[in-house]
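Notes follow once the structure below has been shown.
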Amino acid sequence: MPDPFRDEQPAATAPAAAPRLDALLRRVVSEGASDLHLSGGQKPRWRLDGEIHELADAAVLGEHEVFELLRPVMDERALDAFERDHDVDFAYALGAVARFRVNLFRDKGGAGAVLRQIPAKILTFEQLNLPPVAQLLCEQAKGLVLVTGPTGSGKSTTLAAMIDGINKARRAHIITLEDPIEFVHTSQRSLVNQREVGAHTRSFARALKAALREDPDIVLVGEMRDLETMQLALETANTGHLVFGTLHTATAISTVDRIVDVFPAGQQEQVRSVLADTIKGVLAQALCRKVGGGRVAAIESLVVSYAVANLIREGKTHQLASAMSTSKAQGNVLLNDALAQLVNGGVVEYEEALSKAVDKADLARRCSKPAPGAQAAG
Numbered sequence: 001m002p003d004p005f006r007d008e009q010p011a012a013t014a015p016a017a018a019p020r021l022d023a024l025l026r027r028v029v030s031e032g033a034s035d036l037h038l039s040g041g042q043k044p045r046w047r048l049d050g051e052i053h054e055l056a057d058a059a060v061l062g063e064h065e066v067f068e069l070l071r072p073v074m075d076e077r078a079l080d081a082f083e084r085d086h087d088v089d090f091a092y093a094l095g096a097v098a099r100f101r102v103n104l105f106r107d108k109g110g111a112g113a114v115l116r117q118i119p120a121k122i123l124t125f126e127q128l129n130l131p132p133v134a135q136l137l138c139e140q141a142k143g144l145v146l147v148t149g150p151t152g153s154g155k156s157t158t159l160a161a162m163i164d165g166i167n168k169a170r171r172a173h174i175i176t177l178e179d180p181i182e183f184v185h186t187s188q189r190s191l192v193n194q195r196e197v198g199a200h201t202r203s204f205a206r207a208l209k210a211a212l213r214e215d216p217d218i219v220l221v222g223e224m225r226d227l228e229t230m231q232l233a234l235e236t237a238n239t240g241h242l243v244f245g246t247l248h249t250a251t252a253i254s255t256v257d258r259i260v261d262v263f264p265a266g267q268q269e270q271v272r273s274v275l276a277d278t279i280k281g282v283l284a285q286a287l288c289r290k291v292g293g294g295r296v297a298a299i300e301s302l303v304v305s306y307a308v309a310n311l312i313r314e315g316k317t318h319q320l321a322s323a324m325s326t327s328k329a330q331g332n333v334l335l336n337d338a339l340a341q342l343v344n345g346g347v348v349e350y351e352e353a354l355s356k357a358v359d360k361a362d363l364a365r366r367c368s369k370p371a372p373g374a375q376a377a378g
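The following block contains the structure:
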């Protein structure tokens with residue numbers, strides 16, 4: 001089964017047949033690989049359980065072969081973007097078998113590409129082992145909810161499950177703003193409109209401005225990349241809408257600091273106040289290799305209570321970890337709590353968890369291990 005935790009995007013039917021590419025992708029699906037890597041002068045490789053492996057029985061790809069493999073499945077917009085920018089993101093559907101996010105780029109070997117497999121269906125909270133607080137955050141009427149983590153940590157998979165849950169439960173208008181569109185959502189109890197940057201709008205900021213005139217209840221911002229997008233996301237959340245977004249931060253605490261630090265120093269006090277009033281919670285994910293194969297997400301959960309909001313407002317984010325530790329009944333979980341639970345439950349090896357920990361000495365203590373770097377007496 002392909003790894004459910006990946007950043008992904010949707011795909012449209014290919015403009016033309018690509019039998020050689022399809023054959024490679026069918027192998028990716030059958031082996032449960034998450035990504036296919038193609039590079040000129042190299043054999044194809046794929047990622048299994050987080051590690052890159054060469055396809056030993058495949059031929060070395062020529063300098064122009066990667067582009068020739070992908071050109072039949074690229075539309076005019078993708079071809080123009082690749083010619084202009086030397087890299088492009090698009091999506092490809094392997095019939096009803098699977099969908100793939102594609103990044104094609106130029107490099108010293110000619111061209112390279114990474115094709116990431118997207119799960120054929122949106123997974124549930126239970127299948128993803130999401131904490132109960134995820135459901136609580138989906139039930140908010142307004143405010144800002146963030147899902148964070150490094151690239152490839154499963155942010156899109158988690159957000160897709162959250163949006164799907166709302167779509168099935170609430171009579172609401174959901175607008176997703178993505179680059180590119182990731183999971184495809186079919187309107188159920190909710191009306192869902194999905195917009196792709198480049199294809200349907202010029203930028204996240206422009207789409208967010210337009211969204212305020214489109215009677216939304218819920219807005220998903222695929223990436224909060226810059227000051228203007230963050231400012232508009234806060235404004236949207238502060239005017240009675242529920243906003244979901246992503247950042248590439250490793251912990252919930254660093255997420256708060258990252259948002260504030262994007263703004264000029266003269267605006268940061270006001271931003272802290274607005275953020276304290278609007279943010280409802282943060283889920284920060286770290287993807288770990290499981291014992292016996294597969295991957296699982298360790299999730300740090302921050303639920304913004306009155307006390308937490310005051311710490312954010314006063315710029316005392318260094319006290320958030322302590323506040324989270326003393327309010328676990330509200331759903332707060334530190335990353336090391338989540339990692340230690342996986343290690344102590346035999347789900348993840350200690351060394352794997354240690355590689356994901358921010359405070360490694362603290363994780364060692366929680367797992368009853370020697371502090372990293374400690375030398376045995378001799």
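Under this note's numbering, think of the first position of the sequence shown as 1, with each following residue one higher. We put the beta carbon where it would ideally sit given N, CA and C, even for glycine.
For residue i, name the three-state secondary structure that DSSP assigns.
i: C367; result: coil
i: K121; result: coil
i: I52; result: strand
i: E182; result: coil
i: Q194; result: strand
i: Q140; result: coil
i: K43; result: coil
i: Q188; result: coil
i: H173; result: strand
i: V304; result: coil
i: A14; result: Because A14 carries a pLDDT of 42, less than 50, the predicted location of this residue cannot be relied on, and the following value inherits that uncertainty. Coil at A14, not helix or strand.
i: R213; result: coil
i: G165; result: helix
i: G378; result: At G378, the pLDDT of 40 sits below 50, so the modelled position is not reliable; the number obtained from the coordinates is stated separately. G378: coil per DSSP, three-state reduction.
i: A33; result: coil
i: L69; result: helix
i: L79; result: helix
i: E8; result: Confidence in E8 is poor, its pLDDT being 42 and thus under 50, which makes the residue's placement unreliable; the coordinate value appears in the next sentence. Residue state, collapsed to three classes: coil.
i: L320; result: helix
i: A58; result: coil
Measure the alpha-carbon distance for residue i versus residue j and round it to whole angstroms.
i: A134; j: S39; result: 39 Å
i: A364; j: R26; result: 42 Å
i: F204; j: V243; result: 13 Å
i: G281; j: I299; result: 12 Å
i: T124; j: L334; result: 23 Å
i: R366; j: S355; result: 15 Å
i: L61; j: M224; result: 36 Å
i: D362; j: A340; result: 10 Å
i: R171; j: G373; result: 54 Å
i: A357; j: G266; result: 33 Å
i: L146; j: A199; result: 25 Å
i: A169; j: M162; result: 11 Å
i: G143; j: L137; result: 9 Å
i: I122; j: E182; result: 11 Å
i: G292; j: Y350; result: 14 Å
Check for me: the beta strand (DSSP E) holding residue i runs from which residue to which?
i: R99; result: 98–107
i: G143; result: 143–148
i: R202; result: Counting along the chain, R202 falls outside any beta strand (DSSP E), and DSSP gives it neither H nor E.
i: Q285; result: 279–289
i: A93; result: 87–94
i: V221; result: 218–221
Going by alpha carbons, who is nearest to residue i out of the options?
i: P119; options: Y92, C138, K142; result: Y92
i: E54; options: L335, L130, L24, R20; result: L24
i: T326; options: V303, Q341, I312; result: V303
i: V73; options: L94, G112, E178; result: L94
i: I259; options: E76, N129, E68, T148; result: T148
i: V114; options: S34, P131, D337; result: S34
i: I175; options: N193, T158, A199; result: N193
i: D57; options: W46, V66, V296, V358; result: W46
i: R20; options: A250, F67, D164; result: F67
i: E352; options: M324, R289, F100, H318; result: R289
i: E90; options: V97, L70, R84; result: The amino acid at residue 90 is misidentified as Glu; the sequence shows Phe. Among V97, L70, R84, the Cα nearest to that of F90 belongs to L70.
i: G41; options: H86, E31, D107, D85; result: D107
i: A286; options: R272, A338, A323; result: A338
Taking the alpha helix (DSSP H) that residue i falls in, what are its first and last residues?
i: T255; result: 252–262
i: T229; result: 227–238
i: D343; result: What sits at residue 343 in the sequence shown is Val, not Asp. Segment 335–344, the alpha helix (DSSP H) holding V343.
i: L242; result: Counting along the chain, L242 falls outside any alpha helix (DSSP H), though it belongs to the beta strand (DSSP E) covering 242–247.
i: K356; result: 350–356
Is it the case that the Cβ atoms of residue i and residue j are separated by a distance below 9 Å?
i: G346; j: D49; result: no
i: R202; j: N167; result: no
i: S156; j: T255; result: no
i: L232; j: K209; result: yes
i: V348; j: N129; result: no
i: I279; j: L320; result: no
i: F100; j: R116; result: yes
i: H185; j: E214; result: no
i: P379; j: H241; result: Because the chain spans 1 through 378 in this model, residue 379 falls outside it and cannot be assessed.
i: L234; j: L275; result: yes
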